[in-house]
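Asks: Position 98, counted from 1, in the sequence shown is what full-length UniProt numbering calls 98; the numbers after and before it change by one each time, with no gaps.
Think of the CB as a built atom: it goes at the ideal place given N, C-alpha and C, for glycine as much as any other residue.
Can you read through this structure? Questions will come right after.
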Amino acid sequence: MGHTQRVKHELHSQPLNIETKSCDRFHNGDYTVDVSINDYLDIYCPHYEVPLPAERMERYILYMVNFDGHISCDHRQRGFKRWECNRPDSPNGPLKFSEKFQLFTPFSLGFEFRPGHEYYYISSTPPNIVDRPCLRLKVYVRPTNDSLYESPEPIFTSNNSGLSLRVPHSSLGFLLFWTIIVL
């Protein structure tokens, strides 16, 4: 219809167009992208060159969530807003966001990724906008032979190895209680 798909290929970059017509796999939750450390994933928001009624143009808020948030498509499940696709009729073309999959980030709003883990993204429609189906994306960061670093952010990931270094909150409470009693 009025969609344009500008795909700019860059070194170590994978383009991804976010729109409901682009891929049924976004709805099913089985869309997975494999990346390596230091790769980029470019997100292109829906864009319309031909004016349409506002209710027909797609707008999304994109969240990074944990596994439960991905399955339920609920950003309140330990999710946080990453980007907002809110200018579908911009004269400058589609909004583009890039995620760099890196072990360390110097930016306070950046995110650190661990090899061998999955990360989850979902969409929701902004308030007062016609609801659209939830779009889901899973990103798998391929392991490398020389990457043993463990990121301090385990909430938004799932470890495929089945091992987890997370200590249940009840255990932490018990340790704190035990420490207070002993002292």
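#1: Under the three-state reduction of DSSP, which class applies to R56: helix, strand or coil?
#2: With a CB to CB cut of under 6 Å and the five nearest residues on each side skipped, what residues in its chain are close to T144?
#3: Could you give the DSSP three-state label for D39: helix, strand or coil?
#4: By how many angstroms is the C-alpha of R142 removed from the C-alpha of T32?
#5: Under 7 Å Cβ to Cβ from F80, same chain only, skipping five residues before and after it: list those, please.
#6: If we call anything under 8 Å between Cβ atoms a contact, is N86 one with R56?
#7: Following the continuous beta strand (DSSP E) through F80, name the residue where it begins and the one where it ends.
#8: Look at the alpha carbon of P46 and the alpha carbon of N92, and state the distance between them as a whole number of angstroms.
#9: From the DSSP output, which residues share a beta bridge with V33?
Replies: The answer reads as follows:
#1: Here residue 56 refers to the residue found at position 56 of the sequence shown. Of the three classes helix, strand and coil, the one that applies to R56 here is helix, per DSSP.
#2: Your numbering for residue 144 matches position 144 in the sequence shown. Correct list, in chain order: P115.
#3: Position 39 of the sequence shown, counted from the first residue, corresponds to residue 39. Of the three classes helix, strand and coil, the one that applies to D39 here is coil, per DSSP.
#4: Translated into positions along the sequence shown, residue 32 becomes position 32. Translated into positions along the sequence shown, residue 142 becomes position 142. If I take the Cα positions, the gap works out to 12 Å.
#5: As a working note, residue 80 is residue 80 in the sequence shown. Correct list, in chain order: Y63, M64.
#6: Here residue 86 corresponds to residue number 86 of the sequence shown, with the count starting at 1. Here residue 56 corresponds to residue number 56 of the sequence shown, with the count starting at 1. Taking 8 Å as the cut-off, the beta carbon of N86 is found no closer than this to the beta carbon of R56.
#7: In the sequence shown, counting from the first residue as 1, residue 80 sits at position 80. Per DSSP, F80 belongs to the beta strand (DSSP E) from 80 to 85.
#8: Working through the sequence shown from its first residue, we reach residue 46 at position 46. Working through the sequence shown from its first residue, we reach residue 92 at position 92. Rounded to whole angstroms, P46 to N92 spans 13 Å at the Cα level.
#9: Residue numbering aside, residue 33 sits at position 33 when the sequence shown is read from its first letter. The partner list for V33 (beta bridge, DSSP) reads V139.
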